[in-house]
Structure formats: structure tokens, C-alpha cells
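In the working numbering, each residue's number is its place in the sequence shown (first place is 1) plus 1289.
Glycine residues also receive a C-beta, built at the ideal position from the N, C-alpha and C atoms.
On a predicted model such as this, the values are computed, not experimentally measured, just so you know.
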Amino acid sequence: MDQAKQLEIFKHIIDIKSVNDHEADVADYIATLFEPYKDRVDVSRVTFAPGRDNLVIATKDAQGPVFGLSGHMDTVATGNLADWQTDPFKATVKDGKLYGRGAADMKSGVAAIVCALLEMLDGTAPLPGPVKLLLTVGEETGEYGAAQLTKEGYVDDLGALVISEPGDDMKELTYTAKGVIDYKVTSLGKSVHSSYPDQGINAITNLLDFVNQVEGVLDQFEHVENPVLGHQVSSVTKIGGGDQVNSIPSEAWVMGNIRTIPEHPNKEIYTALEGLVAKCNQLPDHQLKIEYSYPEEPMAGDPHSKLLQQAQQVHDEMFDQAVKVVGSGGANDGSEFSQAENDFTTVLIGPGSASSHQSNEYCDLAVYYQSIKYYEKLAQLYFSEL
Ligand SMILES: [Zn+2]
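Structure (C-alpha cells):
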């Protein structure tokens, strides 16, 4: 495949708007690229919701450990359009850079792994063993596509997984990541006229018993330092409640965000939070409950894994600058994939500049072209050392 075709695929994927939805349109396009190889690959659409299809493309008759390549097809929203110098949904090339929403995070990475597998099929690169592409929905809003693929067994045959998330133009190699817990505590009270507060139950003051203690409860976990990820951090981030100024509030809520580390898996934190809620509920008339939305476990990773060494070795062969081995403060699909019963190593490395989620997001095209070769060579090294 020549660079013109590699660029065309990248541009085409950028031009499809898939902001937290419509990933099926991206999947449709990618599936057509594999149409000429339909006797050699299995193409599976795994529907999460209408218009939201994960896409899995696996070389046929896969035996033994499979080399997985993964990326997410959704993007974040554009933010203020006035801050963009180009149309975010029309790929624009300028001075060797491609601009558009998802150019970094992570349609460049998706296009690169698609091109890599196409080249393994068309003979541009060797197909060294069974390879599987896992393209997901909803990574930016809760990794539920990856969760679905994991639950339905699509990663059970993997021996290794490379996620092409951007890492400062292929300069960063990530093997571990923090988890995340978004919680919401709701307090229920009883509304009465504010001239008779004794006859009501004030949901706000009851909620404050939780708010005032939560940092102290989480503090016990926040002294342990992970050598790569640092320590757990937490913040109370949103609060609301009440109906009007002369009524005793019948409902109030607070939300918080916690970034967890492998040393204290999420379930320890749930136990602590739920313990505090139970303690508050022992006070008179308190009725608090806690819920979580799309929590992610920390991805422990292995700094000594063979895949990590191989990923560094191929990088050394191809790039002048040594790759930085890092951990990520944010969650990614790898956290969901690593919940599989099958034990395989995951690393993240991909094209795309450090402009994710910003206006004028871009990818350096030279890095994009190199990344395609990188995934091909990494697959070869992986199978040669099995
Ligand atoms: Zn991403």
C-alpha cells in the first residue's frame, strides 16, 4: 500500500463524525476496506446500541496466541468551534500535519492499525501469525465497548495487545494506568415550609455529613506511592440540591472523582465509601445512597513483560529518540480488556501529537506512516519470539 492510500484511509475516518456516537459509520467504512480479503478474515460487528457497533477483524483459523491491535472509534466533542482554524470533520493537511477531531485521539492510531493489517494481507508486510483488530465504541465516555468485547470473549485468545492510543507522537510507551471511580451520593429528606424546619428532614445538612468526612476517609489510601503512577488522588467535583430558598430541601447530591492505583484496587475504595455512607445513615433521619458510573480498575501492567521489551526494541530500531516508558493518569480501554480471564500483556503506543481533546488537534503525518511499519514489525518480533 502506498502512502497516498494510507493517507486516504486516515482522512476518510476523520471525515466521519463519531463524537460519542455513530461509531457504526466508521465500522462500515473499515469493513469495506477488508472486503477484498473476506476469505481470509472474519469480520464481526458487535452492536452496543443502535449506530454504535464495535468491529472485530481477525485473520481466519487463528490458532494459539493472537496478536491484538486495538483502538477506539469515538472522539470527544469539538469544544468551541470558533477556536478551530479548520473544519474538525474535514481532514486538512498543512505542513506535513493532518488536522481534525480525532487526528491524535485516536483516529490516527485506528487508521494505522487498519493499514498495518491490510498490508499484512496484501503482502506489503508479512503476516507472521494470527492478528486481530479490536475497534471499540464509547472509550471516551466509559470504555463500554471494550467492556462488551471482553465480556463476549473477543479477547480470550489474545497473547498480547497493543492499543494505538497517542503517546506524544510515538515517544511514549504506556504499560500501566490509573483506574477511575466517579461516584454520586444522593441524600433524601422531607420538604416542608422553612418556617417549620423541625417538621422536615434537611437533605442538604444530612449530605454534608458525608461531604465533610469523605476526604478524611480517602486520605488513608492516598499516602501509598506507585513508582510510576504516583499516589491516588480524589476530589469532590459537583454538588446540588434543594428546591427553593424557603423550603427545607428534600433532595441533595454530591459527585466526586477518584483516580486509583493498583496498590488499592477499586473494591477497597468502594468498601470505604460505602462504610462512610452507612455510618452517616446511622445518624437520625439520614437517608444517603451511593452509586457509581462506569468505574475503571487500575491497569497494573508489568514493567518486565516481554511485550514491553519488544515494543522498546522495535522503537529503538526505527526512531532516533529513545521511547519513554510511562504510566497514564487516565483510564483507557486496556483497563476493561485486562478484566478478561485470559492473562495477556497490554501496552499502549501510537501516533498523534499531545493535542488530544483540544481544538486544532493534529497528527504529524511522518509519524503516522512510521507507526504503520512499527505495528507490522512488532507483530513480527512478537511471533518470532513465541
Ligand atoms: Zn483515546
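Asked                                                                                                              : Found
Rounded C-alpha distance that separates residue 1643 from residue 1456                                             : 7 Å
Nearest residue (CA-CA) to residue 1512, options 1506, 1418 and 1520                                               : 1520
Three CB pairs or more closer than 8 Å across the segment 1393-1401 and the segment 1445-1464                      : yes
Residue 1341 burial status per 10 Å Cβ neighbour count (16 or more: buried)                                        : buried
From 1627, 1645 and 1640, residue whose alpha carbon lies closest to that of residue 1436                          : 1627
heavy atom of ligand 1 below 7 Å from residue 1394 C-beta                                                          : yes
6 Å Cβ shell around residue 1615 - same chain, five flanking residues per side excluded                            : 1461 and 1463
Bridge-paired residues (DSSP) for residue 1468                                                                     : 1549
Residues near residue 1525 in its chain [Cβ-Cβ closer than 8 Å; skip 5 each side]                                  : 1500, 1503, 1504, 1543, 1544 and 1545
Near ligand 1: residue 1312 beta-carbon under 7 Å from a heavy atom                                                : no
Which listed residue (1296, 1477 and 1363) has its alpha carbon closest to that of residue 1433                    : 1363
Residues sharing a beta bridge with residue 1388, DSSP                                                             : 1381 and 1651
Cβ shell of residue 1625 (< 6 Å), same chain only, five flanking positions each side left out                      : 1432, 1435, 1436 and 1439
Where residue 1673 falls, given that 16 or more other Cβ within 10 Å makes a residue buried                        : exposed
Beta-carbon proximity of residue 1468 to residue 1540, cut-off 8 Å                                                 : no
Collapsed DSSP secondary structure at residue 1327 in the structure displayed                                      : coil
Residues that DSSP places opposite residue 1356 in a beta bridge                                                   : 1420 and 1449
Three-way DSSP call (helix, strand, coil) for residue 1526 in this model                                           : strand
Residue 1582 versus residue 1472: straight-line alpha-carbon distance, rounded                                     : 7 Å
Beta-bridge pairing of residue 1581 - partner residues as DSSP gives them                                          : 1472
Residue 1363 (DSSP reduced to helix, strand or coil)                                                               : coil
Closest by C-alpha distance to residue 1559, when choosing among 1604, 1575, 1579 and 1572                         : 1579
Simplified DSSP state of residue 1395, which is helix, strand or coil                                              : coil
Buried/exposed call for residue 1379, threshold 16 Cβ in 10 Å                                                      : exposed
Opposing strand residues paired with residue 1456 [DSSP bridges]                                                   : Paired residues: none, contrary to the question.
Straight-line Cα distance separating residue 1530 from residue 1536                                                : 11 Å
Status (buried if at least 16 other CB within 10 Å, exposed otherwise) for residue 1556                            : exposed
Buried or exposed by the 16-neighbour rule on C-beta atoms within 10 Å, applied to residue 1516                    : exposed
Helix, strand or coil at residue 1482 [DSSP, three-state]                                                          : strand
Cβ pair count under 8 Å reaching 3, the segment 1395-1411 against the segment 1660-1667                            : yes
Beta-ladder partner(s) of residue 1343, from DSSP                                                                  : 1335
Residue 1491, buried or exposed, once every other Cβ within 10 Å from all chains shown has been counted against 16 : buried
Neighbour-count burial assignment, residue 1484, 16 or more Cβ in a 10 Å radius                                    : exposed
CA nearest to the CA of residue 1356, picked from 1326, 1316 and 1636                                              : 1636
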